[in-house]
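Basically the numbering used here = 1-based index in the sequence shown + 397.
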Amino acid sequence: MILTVHERDSLMSALEPDQREYLQNQLVRSRRTAFANAMAKAKGFHIAENTDPDEIEVLLDEWKYTGYIDAGKVSSELRCECGRPLRYQHHVEHKTSGEKKRFGIEHLKEHLGIDAATVAEVLKGFDAIDYELDELLLKINGGWQPNPELLQRAGTDIPDDVKIHLKLKLPLLERQIRKLGQLRLRKRVTAAPSILPVKAEMTHDLFSWNEEPRPSARAYGASLDSAWRDPVRAYLTSGVRSARVICELLISERNAPNDRMLTGKPMLYLQVCRFIEEVYPEAIIQMQGTDDRIYEI
Numbered sequence: 398m399i400l401t402v403h404e405r406d407s408l409m410s411a412l413e414p415d416q417r418e419y420l421q422n423q424l425v426r427s428r429r430t431a432f433a434n435a436m437a438k439a440k441g442f443h444i445a446e447n448t449d450p451d452e453i454e455v456l457l458d459e460w461k462y463t464g465y466i467d468a469g470k471v472s473s474e475l476r477c478e479c480g481r482p483l484r485y486q487h488h489v490e491h492k493t494s495g496e497k498k499r500f501g502i503e504h505l506k507e508h509l510g511i512d513a514a515t516v517a518e519v520l521k522g523f524d525a526i527d528y529e530l531d532e533l534l535l536k537i538n539g540g541w542q543p544n545p546e547l548l549q550r551a552g553t554d555i556p557d558d559v560k561i562h563l564k565l566k567l568p569l570l571e572r573q574i575r576k577l578g579q580l581r582l583r584k585r586v587t588a589a590p591s592i593l594p595v596k597a598e599m600t601h602d603l604f605s606w607n608e609e610p611r612p613s614a615r616a617y618g619a620s621l622d623s624a625w626r627d628p629v630r631a632y633l634t635s636g637v638r639s640a641r642v643i644c645e646l647l648i649s650e651r652n653a654p655n656d657r658m659l660t661g662k663p664m665l666y667l668q669v670c671r672f673i674e675e676v677y678p679e680a681i682i683q684m685q686g687t688d689d690r691i692y693e694i
């Protein structure tokens, strides 16, 4: 956190209504993603950072984050499960039982019964979200303007989140600026992209993440084992779009091998991507760097 609560409130109140609404919606979505990522990590899943929360929650059978209320000040009308008055009341729902809980973030562990490491991961994610909000508000207050040269170089490949910021006259975050700078180094993804050779993608991972495969007695060929093909089709049909999430589902539900690279990416990942792109050649693919591929079938 960079700003005080008072400073943040003041800058938020000065925004245009459409800007404020967008940022408030993004806060909920980002916190939902951070919460789901932490819960998935606690269960041993390894999910790419920018995976859609809907995708991550497919892997979970316990609590999911549904939103929060900001009363503007500490209010007796907004209370924690323990009865303490709150300004910020966070909401979660149990996926299996449907039970709902409302609490202050400090009591996350007490009311949900999750371990300290998972709580720390959630809080770390929430802090990062607050930091980016402060970064954006400070840029607005400082009269930030986009770099025309950077946007021109990106051409028609400007990511959707950047387009929304520009449309709403919101500053770009530093991570968005870095992403624009990297666009010229990437190949444009088309509706029917070529399939990357196994060696090529593994080399790219090695360069980007210092990632090497874990030693394994199991050999991974080019083709996905026939036992996992129908489940992959079923996951795609049910709406799962992330190759990483599909891999985690194969491991947790179908007893697929759990061999992983040092970053946690399943060794099955390349086989799953290759199978999907062979069976669905017209699929639209969104590349999440080397972390993941998102498929629109």
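Ideal Cβ placement from N, Cα and C applies to all residues, glycine included. Everything numeric in this text was worked out from a predicted model, so none of it was measured.
Residues near Ala-439 by beta carbon distance below 6 Å, same chain, minus five either side: On the sequence shown, position 42 is the one that residue 439 refers to. Same-chain partners within the cutoff: Thr-515.
Span separating the alpha-carbon of Ala-686 from that of Ala-517: As a working note, residue 686 is residue 289 in the sequence shown. As a working note, residue 517 is residue 120 in the sequence shown. Note on identity: in this sequence residue 686 is Gly, with Ala being the wrong assignment. Roughly 27 Å separates the two Cα atoms.
Top-ranked residue by Cα proximity to Leu-483, from Arg-671, Asn-434, Tyr-677, Val-471: On the sequence shown, position 86 is the one that residue 483 refers to. Nearest Cα to Leu-483 within the set Arg-671, Asn-434, Tyr-677, Val-471: Val-471.
Length-filtered (4 minimum) alpha helix (DSSP H) runs lying within the segment 450-518: Listed in chain order, they are 450-454, 505-509.
The segment 446-459 touching the segment 428-435, judged by at least three CB pairs closer than 8 Å: In short, these stretches touch, since the Cβ pair count reaches three.
Where the beta strand (DSSP E) containing Asp-656 begins and where it ends: The residue given as residue 656 occupies position 259 in the sequence shown. First-last for Asp-656: undefined, no H or E at that position.
Within 7 Å, strictly: CB atoms of Leu-646 and Leu-534: In the sequence shown, the residue the question calls residue 646 occupies position 249. In the sequence shown, the residue the question calls residue 534 occupies position 137. Their beta carbons are not under 7 Å apart, which means Leu-646 does not touch Leu-534 by this criterion.
Coarse secondary structure for Met-664, derived from DSSP in three states: Residue numbering aside, residue 664 sits at position 267 when the sequence shown is read from its first letter. Three-state DSSP puts Met-664 in coil, outside helix and strand.
Glu-695 versus Gln-668, Ala-631, Gly-495, residue with shortest Cα-Cα distance: The requested residue 695 is not part of the displayed model; the chain covers only 398 to 694.
Proximity of Ile-694 and Leu-621 at Cβ, strictly below 7 Å: Residue numbering aside, residue 694 sits at position 297 when the sequence shown is read from its first letter. Residue numbering aside, residue 621 sits at position 224 when the sequence shown is read from its first letter. Contact flag unset, no.
Val-669 and Cys-644 closer than 7 Å at C-beta: Counted from its first residue, the sequence shown places residue 669 at position 272. Counted from its first residue, the sequence shown places residue 644 at position 247. Yes.
Nearest-angstrom beta carbon gap, Leu-424 and Leu-569 [assumed within contact, 8 Å]: Here residue 569 refers to the residue found at position 172 when the sequence shown is read from its first residue. Here residue 424 refers to the residue found at position 27 when the sequence shown is read from its first residue. The C-beta distance from Leu-569 to Leu-424 rounds to 17 Å, too long to fall under 8 Å, and the pair is not in contact.
Nearest-angstrom Cβ-Cβ length linking Glu-503 and Lys-497, presumed shorter than 8 Å: Numbered from its first residue, the sequence shown carries residue 503 at position 106. Numbered from its first residue, the sequence shown carries residue 497 at position 100. Under the criterion of beta carbons closer than 8 Å, Glu-503 and Lys-497 do not qualify as touching, at roughly 19 Å.
Whole-angstrom distance between Pro-654 and Ala-468, CA atom to CA atom: The sequence position of residue 468 within the sequence shown is 71, counting from 1. The sequence position of residue 654 within the sequence shown is 257, counting from 1. So the two alpha carbons sit approximately 48 Å from each other.
Nearest residue (CA-CA) to Met-684, options Arg-641, Lys-560, Thr-401: On the sequence shown, position 287 is the one that residue 684 refers to. For the options Arg-641, Lys-560, Thr-401, the alpha carbon positioned closest to that of Met-684 is the one of Arg-641.
Neighbour-count burial assignment, Cys-477, 16 or more Cβ in a 10 Å radius: Here residue 477 refers to the residue found at position 80 of the sequence shown. Buried, since its Cβ has 16 or more Cβ neighbours within 10 Å.
Neighbourhood of Ser-605 by C-beta, 7 Å cutoff - its chain only, sequence neighbours within 5 removed: Mapped onto the sequence shown, residue 605 falls at position 208. Interpretation of Ser-605 is limited by its pLDDT of 32, a score under 50 that renders its predicted location unreliable; the figure taken from the coordinates is listed afterwards. Within the same chain, Ser-605 has close Cβ partners Thr-687.
Reference Asp-415; option with closest CA among Asn-538, Arg-405, Ile-453, His-562: Along the sequence shown, one-based indexing puts residue 415 at 18. When each option's Cα is compared against that of Asp-415, the closest is His-562.
Span of the alpha helix (DSSP H), counted from its first residue to its last, around Glu-418: What you label residue 418 is simply residue 21 of the sequence shown in a count that begins at 1. It spans 414-439 - the alpha helix (DSSP H) in which Glu-418 sits, taken as one unbroken run.
Residues near Leu-547 in its chain [Cβ-Cβ closer than 6 Å; skip 5 each side]: Position 150 of the sequence shown, counted from the start, is the residue given in the question as residue 547. The answer, listed in chain order, is Leu-577.
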